[in-house]
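See below for the structure under consideration.
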Amino acid sequence: MEDLSEIEQLVLSVVEESPGRWKSRGVVNQVVYLHNGKGTSEKDVKDVVKGLIKEGYVELRGTKRLHGQDWEQFCYPSENGKKEVV
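In this note's numbering, the protein residues as written are 242 to 327.
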């Protein structure tokens, strides 16, 4: 398994602590908040989240809104066991 950066580990820990609680935007906001003061920009975190989704560490699952056709996608830890946060 490849080594994950501090921000990648933080993203994964946020997602694992509350699976399905956050949309990707919420994960970005939470990580920026937790990593505050260390020079981490919102764009950097957003890129990390997108990368982790693309690599299969985090997966998005949709739920349909009650009174509409839109799908909301929430972040969950990957079920395929590709990652492990220490």
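All residues carry an ideal CB built from backbone N, CA and C; glycine is no exception.
Given the structure is predicted, the values throughout are model-derived calculations rather than measurements.
Endpoints, alpha helix (DSSP H) assigned at residue i
i      : result
Gly297 : Element bounds for Gly297: n/a, residue is neither H nor E.
Glu249 : 247-258
Ser319 : Note, Ser319: premise wrong, no alpha helix (DSSP H); not H, not E.
Ser282 : Premise fails: Ser282 is in no alpha helix (DSSP H) and is neither H nor E.
Candidates the options: closest to residue i by CA position
i      : options                        : result
Ile248 : Glu300, Val273, Gly297, Gln314 : Val273
Cys316 : Ser282, Ser246, Leu245, Val255 : Val255
Val299 : Leu253, Asn270, Arg266, Leu245 : Leu253
Ser246 : Glu320, Ser319, Leu293, Pro318 : Leu293
Cβ neighbours of residue i in the same chain (closer than 8 Å, five flanking residues each side left out)
i      : result
Leu251 : Val272, Leu275, His276
Cut-off 7 Å between Cβ atoms - residues of its own chain near residue i, not counting five sequence neighbours on either side
i      : result
Glu313 : Lys264, Gly303, Thr304, Arg306
Residue i in three-state terms, based on DSSP
i      : result
Arg266 : helix
Gly261 : coil
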